[in-house]
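In what follows, a single structure is set out as structure tokens and then discussed.
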Amino acid sequence: QVQLEESGGALVQPGGSLRLSCTASGSMNSIFAMGWYRLVPGKPRRELVANIGVTGVGPNYVDSVKGRFTISRDTEKNSLSLQMDDLRPEDTAVYYCKADSRYEETYWGQGTQVTVSA
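Numbering of the sequence shown is given in the working numbering, commencing with residue 51 and proceeding in unit increments.
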């Protein structure tokens, strides 16, 4: 089992920055990839924002955040971060941390709200 906890969500003005953090605990040796997803208001499902592999594969970003968001992972601290710059109103969403294990198990955090508004 793996537990994930996100933090860092807030209300920010357009053009501003936020840094999201995800702290992981449990059986991290089974994890081969981690990523950030978001659920945008009015959309039926979460969408990938960025992900990164344990062995350095990636990172990968959805086109809409390329050049603005940066994902990073600290394996010693079992943490995942998402630096978000030049935030736009369309980035408003609940952001989730996700971890995929070698045993085809998927773990999610509880989410953190990011609101971009003037």
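Cβ atoms here follow ideal geometry from the backbone N, Cα and C, with glycine treated the same way.
Contact between the region 83 to 97 and the region 146 to 154 is present: three or more C-beta pairs spanning the two stretches fall below 8 Å. If one requires a minimum length of 3 residues, the beta strand (DSSP E) runs lying completely within the region 52 to 131 are 52 to 57, 68 to 76, 81 to 89, 97 to 103, 119 to 124, in chain order. In the structure shown, Asp135 adopts coil according to DSSP, grouped into three states.
In this model, Met134 and Gln163 are separated by some 13 Å (Cα to Cα). In terms of Cβ geometry, Ser114 and Arg69 do not form a close pair [threshold 8 Å]. Residues of the same chain with a CB within less than 7 Å of the CB of Leu61, apart from the 5 flanking positions on each side, are Thr165, Ser167 in chain order.
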